[in-house]
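Novice: Submitted below is the structure of interest, expressed as structure tokens.
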Amino acid sequence: MYFLCKYLAGLLLWLTVSGPAIAQPNQLTALLKEADGQNPSLKITQEQIEMASSQIEQVTSLQDPIISISLLNYPTDSFKTDQTPMTGNEIRLAQMFPFPGKLETKGRIAEKKSLWFASAYQDARLQIRRQVKDTWYRLLFQRQAIKLTIRNLKIFEDFIKLTETRYEVGKGLQQNVLTAHLQRSRQLDQLLVLQQQEEATLAELNSLVGRDTDRSLEIDSQLKSVSQKFNLNELQEQVVQKRPLFKAYAALIDQYKAQRKLAHLDYRPDFTVWAGYRWRDNALVDDGTDFVSAGVSFNLPVRRKQRAAAVTEADSALQLVFRKLNNFRNQVNLEIHQSLTSLEQTGKLVELYQGGIIPQANQTFQATLSAYQVDKVDFLDLLNSLMTLYRYEIDYIKALSDQQRSMARLEAAAGLEADQLPEPSTRSKG
Numbered sequence: 282m283y284f285l286c287k288y289l290a291g292l293l294l295w296l297t298v299s300g301p302a303i304a305q306p307n308q309l310t311a312l313l314k315e316a317d318g319q320n321p322s323l324k325i326t327q328e329q330i331e332m333a334s335s336q337i338e339q340v341t342s343l344q345d346p347i348i349s350i351s352l353l354n355y356p357t358d359s360f361k362t363d364q365t366p367m368t369g370n371e372i373r374l375a376q377m378f379p380f381p382g383k384l385e386t387k388g389r390i391a392e393k394k395s396l397w398f399a400s401a402y403q404d405a406r407l408q409i410r411r412q413v414k415d416t417w418y419r420l421l422f423q424r425q426a427i428k429l430t431i432r433n434l435k436i437f438e439d440f441i442k443l444t445e446t447r448y449e450v451g452k453g454l455q456q457n458v459l460t461a462h463l464q465r466s467r468q469l470d471q472l473l474v475l476q477q478q479e480e481a482t483l484a485e486l487n488s489l490v491g492r493d494t495d496r497s498l499e500i501d502s503q504l505k506s507v508s509q510k511f512n513l514n515e516l517q518e519q520v521v522q523k524r525p526l527f528k529a530y531a532a533l534i535d536q537y538k539a540q541r542k543l544a545h546l547d548y549r550p551d552f553t554v555w556a557g558y559r560w561r562d563n564a565l566v567d568d569g570t571d572f573v574s575a576g577v578s579f580n581l582p583v584r585r586k587q588r589a590a591a592v593t594e595a596d597s598a599l600q601l602v603f604r605k606l607n608n609f610r611n612q613v614n615l616e617i618h619q620s621l622t623s624l625e626q627t628g629k630l631v632e633l634y635q636g637g638i639i640p641q642a643n644q645t646f647q648a649t650l651s652a653y654q655v656d657k658v659d660f661l662d663l664l665n666s667l668m669t670l671y672r673y674e675i676d677y678i679k680a681l682s683d684q685q686r687s688m689a690r691l692e693a694a695a696g697l698e699a700d701q702l703p704e705p706s707t708r709s710k711g
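Just so we're on the same page, the working numbering is the position in the sequence shown counted from 1, plus 281.
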């Protein structure tokens with residue numbers, strides 16, 4: 282019975298230290314920082330930013346000038362340079378200039394596209410933080426549930442010894458001994474399930490922070506309750522400024538507005554300016570005076586249907602973005618509402634378990650144990666009170682875990698940690 286008494290004392294101590302959470306555990310903070318720098322999906326998004334940024338210089342630059350060399354009007358019977366005055370060699374340089382405004386508009390499109398990726402990257406960092414926190418608090422629950430189950434197994438060892446002793450002296454039933462063994466086996470089964478879940482969750486956490494999935498992790502943290510209070514209307518009003526993806530959608534809207542402007546500009550012709558120099562043979566009758574020439578050419582934008590289709594495409598794309606933005610805003614408001622509701626409900630559960638259910642279940646178990654020792658209740662009553670206490674303990678730490686996970690979802694949905702993100706790592710460009 283020594284371990285049983287020690288367990289009851291430990292339970293009371295555990296309930297007193299599971300107070301409100303004040304700050305993130307150091308381990309979680311380190312994991313969040315590691316995920317921010319090593320998460321594979323974030324690295325992909327970083328490459329998209331680099332790729333989009335590199336397009337700005339490309340689309341705003343003029344095309345390369347064209348140089349051409351021509352051998353003109355050589356007679357086919359002799360190929361001599363001094364036979365006809367039209368014969369000569371010419372070099373020509375040409376440069377195409379888009380209609381004014383086209384290059385600037387293309388640059389704006391590329392710039393807004395780059396801003397979309399940059400803002401989407403910031404939002405993705407928030408979502409990765411949410412995933413890390415969610416996995417972390419699931420892992421904490423599983424680790425603590427495993428400890429509780431192992432502790433319960435040790436109590437069953439005491440129960441088995443107690444029932445066997447009482448059976449040997451004729452005060453107990455063999456059925457009680459068998460029942461104690463059966464319940465211990467069930468607890469072992471529960472332990473195996475929890476250990477399997479814990480291994481899978483740890484692998485998921487390692488993957489999120491860019492580690493090998495089989496890497497071990499020692500945890501020195503305990504689940505704590507959340508003390509922060511939030512107002513739904515304030516969260517939904519502030520989210521447009523806090524969530525980076527709203528900034529990303531604003532950039533996307535500007536991008537397609539510029540795309541529409543470019544489609545209208547495409548009705549205007551581009552022009553090519555050229556200059557040439559022709560040199561001739563000095564033996565010609567006119568002493569082979571050299572010629573210079575210059576000119577300008579335009580493309581003819583006669584494919585009106587093609588250009589009208591481009592305008593229609595840009596208009597449709599712009600409307601699509603507005604609809605996506607509206608849908609995203611609705612989804613965010615719903616997620617904030619659901620997360621806040623879950624946070625409040627789990628908070629009430631935590632208070633109920635901590636302040637009422639578990640102390641009452643503990644008192645019931647202690648009273649039943651005392652009554653069993655003087656033969657006032659049977660073994661099944663004692664066993665039932667122990668299992669009830671165990672289930673409530675599991676439910677309590679599950680409520681703590683769910684509360685923290687709801688908080689993580691709320692932080693990500695409302696962008697509460699957007700101003701706390703560390704500066705993203707930058708690559709040196711060679």
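Beta carbons: idealized from backbone N, C-alpha and C, even for Gly.
This one's a predicted model, so the numbers in the text were calculated from it and none came from an experiment.
(1) Does the distance from the CB of residue 520 to the CB of residue 613 come in under 8 Å?
(2) With DSSP as the reference, label residue 302 as helix, strand or coil.
(3) Count the other CB atoms, across all protein chains shown, that sit within 10 Å of the CB of residue 433; report buried if there are 16 or more and exposed otherwise.
(4) Buried or exposed: residue 547, going by 16 or more other Cβ atoms within 10 Å of its Cβ?
(5) Are residue 422 and residue 473 closer than 8 Å when you measure CB to CB?
(6) Quick one: what does DSSP say residue 320 is sitting in, helix, strand or coil?
(7) Pull up the DSSP beta-bridge partners for residue 347, would you.
(8) Nearest by alpha-carbon distance to residue 335: which of 402, 698, 394 and 465 is it?
(9) Going by alpha carbons, who is nearest to residue 461 out of 437, 483, 476 and 447?
(10) Taking 8 Å as the cut-off, decide whether the C-beta atoms of residue 415 and residue 585 are in contact.
(11) Please name the residue in 601, 312 and 652 whose C-alpha comes closest to that of residue 412.
(12) In whole angstroms, what is the alpha-carbon distance linking residue 490 and residue 448?
(13) Taking 8 Å as the cut-off, decide whether the C-beta atoms of residue 543 and residue 386 are in contact.
(14) Give me the Cα-Cα distance between residue 588 and residue 595, rounded to the nearest whole angstrom.
(15) Only counting runs of 3 or more residues, tell me where the beta strand (DSSP E) segments fall wholly within the region 546 to 628, in order along the chain.
(16) Check residue 413 in the structure and name its three-state DSSP category.
(17) By DSSP, does residue 382 sit in helix, in strand, or in coil?
(18) Report back the beta-carbon spacing between residue 658 and residue 649 to the nearest angstrom; my notes put them in contact at under 8 Å.
(19) Just reading off the alpha helix (DSSP H) that residue 662 is part of, what are its end residues?
(20) How is residue 353 classed by DSSP in three states: helix, strand or coil?
(21) What first and last residue would you give for the alpha helix (DSSP H) that runs through residue 523?
(22) For the 8 Å Cβ check, are there 3 or more pairs between the region 370 to 381 and the region 512 to 531?
(23) Can you tell me whether residue 351 is buried or exposed? The criterion is at least 16 other CB atoms within 10 Å of its CB, across all chains shown.
(24) Is residue 325 buried or exposed, if buried means 16 or more other CB atoms sit within 10 Å of its CB?
(25) Can you give the Cα-Cα distance for residue 400 and residue 388, rounded to whole angstroms?
(26) By how many angstroms is the C-alpha of residue 677 removed from the C-alpha of residue 610?
(27) Alpha carbon to alpha carbon, what distance is there between residue 625 and residue 716?
(28) Which word fits residue 583, buried or exposed, when buried means at least 16 other C-beta atoms lie within 10 angstroms of its C-beta?
(29) So, do the region 357 to 372 and the region 547 to 560 have three or more beta carbon pairs nearer to each other than 8 Å?
(30) Under 7 Å Cβ to Cβ from residue 430, same chain only, skipping five residues before and after it: list those, please.
(31) So which of 553, 405 and 592 has the shortest CA-CA distance to residue 575?
(32) Kindly indicate which three-state DSSP category residue 474 falls into: helix, strand or coil?
(33) I need the straight-line Cα distance from residue 292 to residue 528, nearest angstrom please.
(34) Considering only C-alpha positions, which residue in the set 629, 627, 635 and 673 is nearest to residue 646?
(35) How would you write the range of the alpha helix (DSSP H) that residue 634 sits in, first residue to last?
(36) Pop quiz: residue 405 and residue 323 are said to be a contact at Cβ under 8 Å. What is the actual Cβ separation, rounded to whole angstroms?
Specialist: For this structure:
(1) Taking the sequence shown and counting its residues from 1, the one referred to as residue 520 is at position 239. Taking the sequence shown and counting its residues from 1, the one referred to as residue 613 is at position 332. In this structure, residue 613 lies closer than 8 Å to residue 520 by Cβ.
(2) In the sequence shown, counting from the first residue as 1, residue 302 sits at position 21. A caution first: residue 302 carries a pLDDT of 46, below 50, which makes its placement in the model unreliable, though a value can still be read off. Strand at residue 302.
(3) Locating residue 433 in the sequence shown gives position 152, counting from the first residue. The residue in question, residue 433, is buried, as its Cβ has 16 or more Cβ neighbours within 10 Å.
(4) Residue numbering aside, residue 547 sits at position 266 when the sequence shown is read from its first letter. That one is buried.
(5) Position 141 of the sequence shown, counted from the first residue, corresponds to residue 422. Position 192 of the sequence shown, counted from the first residue, corresponds to residue 473. At a Cβ-Cβ threshold of 8 Å, residue 422 and residue 473 do not count as neighbours.
(6) Here the question's residue 320 lines up with position 39 in the sequence shown. Correct three-state label for residue 320: coil.
(7) Here residue 347 corresponds to residue number 66 of the sequence shown, with the count starting at 1. According to DSSP, which records beta bridges pairwise, residue 347 is partnered with 375.
(8) Residue numbering aside, residue 335 sits at position 54 when the sequence shown is read from its first letter. Ranking 402, 698, 394 and 465 by Cα distance to residue 335 puts 394 first.
(9) For the purposes of this step, residue 461 is identified with residue 180 of the sequence shown, where counting begins at 1. When each option's Cα is compared against that of residue 461, the closest is 437.
(10) For this step, residue 415 is matched to residue 134 along the sequence shown. For this step, residue 585 is matched to residue 304 along the sequence shown. Against a cut-off of 8 Å, the Cβ pair of residue 585 and residue 415 comes out as no contact.
(11) One-based indexing of the sequence shown puts residue 412 at position 131. Residue 412 has its Cα closest to that of 312, out of 601, 312 and 652.
(12) On the sequence shown, residue 490 is found 209 positions in, with the first residue counted as 1. On the sequence shown, residue 448 is found 167 positions in, with the first residue counted as 1. Approximately 55 Å between the Cα atoms of the pair.
(13) Numbered from its first residue, the sequence shown carries residue 543 at position 262. Numbered from its first residue, the sequence shown carries residue 386 at position 105. The criterion of a C-beta distance shorter than 8 Å is satisfied by residue 543 and residue 386.
(14) One-based indexing of the sequence shown puts residue 588 at position 307. One-based indexing of the sequence shown puts residue 595 at position 314. Cα to Cα, residue 588 sits roughly 11 Å from residue 595.
(15) 552 to 560 and 572 to 579, all fully within the region 546 to 628.
(16) The sequence position of residue 413 within the sequence shown is 132, counting from 1. Here residue 413 sits in helix by DSSP.
(17) The residue you call residue 382 lines up with position 101 of the sequence shown. Coil at residue 382, not helix or strand.
(18) Working through the sequence shown from its first residue, we reach residue 658 at position 377. Working through the sequence shown from its first residue, we reach residue 649 at position 368. The distance from the Cβ of residue 658 to that of residue 649 is about 6 Å, consistent with a contact at the 8 Å cut-off.
(19) What you label residue 662 is simply residue 381 of the sequence shown in a count that begins at 1. DSSP places residue 662 inside the alpha helix (DSSP H), whose first and last residues are 660 to 695.
(20) Walking along the sequence shown from the start, residue 353 turns up at place 72. Of the three classes helix, strand and coil, the one that applies to residue 353 here is strand, per DSSP.
(21) Within the sequence shown, residue 523 is the residue found at index 242, counting from 1. Taken as a continuous stretch (DSSP letters only), the alpha helix (DSSP H) holding residue 523 covers 513 to 523.
(22) Not touching, per the Cβ criterion.
(23) Residue 351 sits at position 70 when you count from the first residue of the sequence shown. Label assigned to residue 351: exposed.
(24) One-based indexing of the sequence shown puts residue 325 at position 44. Flag for residue 325 reads exposed.
(25) Reading the sequence shown from its first residue, position 119 is the one you call residue 400. Reading the sequence shown from its first residue, position 107 is the one you call residue 388. Cα-Cα distance, rounded: 18 Å.
(26) In the sequence shown, the residue the question calls residue 610 occupies position 329. In the sequence shown, the residue the question calls residue 677 occupies position 396. Distance from the CA of residue 610 to the CA of residue 677, rounded to the nearest whole angstrom, comes to 34 Å.
(27) Beyond the ends of the chain as shown, which are 282 and 711, falls residue 716; an answer cannot be given.
(28) Position 302 of the sequence shown holds residue 583. Around the C-beta of residue 583, fewer than 16 other C-beta atoms lie within 10 Å, and the residue is accordingly described as exposed.
(29) Flag = yes, the region 357 to 372 and the region 547 to 560 touch.
(30) As a first step, residue 430 is located in the sequence shown; it is residue number 149 there, counting from the start. Closer than 7 Å at Cβ, skipping near neighbours: 468, 471, 472 and 475.
(31) The count along the sequence shown starts at 1 and reaches residue 575 at position 294. Residue 553 is the option with its Cα nearest to residue 575.
(32) The residue labelled residue 474 in the question sits at position 193 within the sequence shown. Residue 474: helix per DSSP, three-state reduction.
(33) Within the sequence shown, numbered from 1, the residue matching residue 292 stands at position 11. Within the sequence shown, numbered from 1, the residue matching residue 528 stands at position 247. Low confidence applies here, because residue 292 scores a pLDDT of 49, under 50, leaving its location unreliable and the question unanswered by this model.
(34) In the sequence shown, the residue the question calls residue 646 occupies position 365. Nearest option by C-alpha distance: 673.
(35) Working through the sequence shown from its first residue, we reach residue 634 at position 353. Neither: residue 634 is in no alpha helix (DSSP H) and is coded neither H nor E.
(36) Sequence index remark: in the sequence shown, residue 405 carries index 124 (1-based). Sequence index remark: in the sequence shown, residue 323 carries index 42 (1-based). Contact between residue 405 and residue 323 is confirmed by a C-beta separation of about 6 Å, below the 8 Å threshold.
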